[in-house]
Amino acid sequence: MTPTNEDLAQGKAYTAPGITVYYDALRCLHVANCVRGLPEVFDPKARPWIQPANAGADAVAAAVRTCPTGALHYVLEGQEAEMPDETTTITPTPDGPLMIKGNLVIDTPGGEQRDVRAALCRCGQSGNKPYCDGTHAKVGWTSGEAGDR
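So the sequence shown is residues 1 to 149, counted in full-length UniProt numbering.
What follows is the structure in structure tokens.
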């Protein structure tokens, strides 16, 4: 079973004609793919910082799909939910989280969460487990894996 629009509609909603962007600040690691990819929509200096009306719905959706943490999701008006990648991939970030993409079912303290992208904690210190919240950098955790650098 793939995630539904209701599964992916987590966080604060930013609505424009044809699209709603959802932002879950607790999952954001400030990778900034969105800012680099579509700065007219994702501008951390603006208020609100997400302005989806500043670009076409398809362009906004494409930028959101580059968010590796799952902090950003979208719902296109009258369309199915974002489709997960056919193959699930797990990519360790050097001295950071596991980035996963695919048709995900994640066990969280709040129950089972369906998703398409997530950054999972590897250091064990996150205050938002199982998701990474950047604590690894504060506590000096390193992956220590030669192939991970």
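Glycine included, every Cβ here is placed at the ideal spot set by N, Cα and C.
Since the model is a prediction, treat every value here as computed from it, not as a measurement.
Continuous beta strand (DSSP E) assignments of at least 3 residues falling wholly in the segment 26-106: 72-76 and 89-92
Got a sec? Which residues, its chain only, sit under 8 Å from W49 by beta carbon, not counting five neighbours each side? Answer for W49: F42 and D43, listed in chain order.
Is DSSP giving T135 helix, strand or coil here? Helix.
Which same chain residues, not among the five before or five after G102, have their C-beta less than 6 Å away from its C-beta? Cβ within range, chain order: P84, D85 and T88.
Taking the alpha-carbon positions, what's the A16 to L72 distance? Going by the C-alpha atoms only, they are around 15 Å apart.
Look at A118 and R27 and say whether their C-beta atoms are less than 9 Å apart. yes
Outcome for V139 when other beta-carbon atoms lying within 10 angstroms are tallied against a minimum of 16: exposed
N54 versus G144 - alpha carbon distance: Within the model, the alpha-carbon separation for N54 versus G144 is close to 43 Å.
Rounded C-beta distance between P3 and R114? I'm assuming under 8 Å. 4 Å
Residue range of the unbroken beta strand (DSSP E) whose run includes D115: G111 to L120
Residue 172 burial status per 10 Å Cβ neighbour count (16 or more: buried): Past the edges of the chain, shown from 1 to 149, lies residue 172, and the structure says nothing about it.
Contact set for Y74: own chain, Cβ-Cβ below 6 Å, skip 5 residues either direction: I19, V21, A61 and V64
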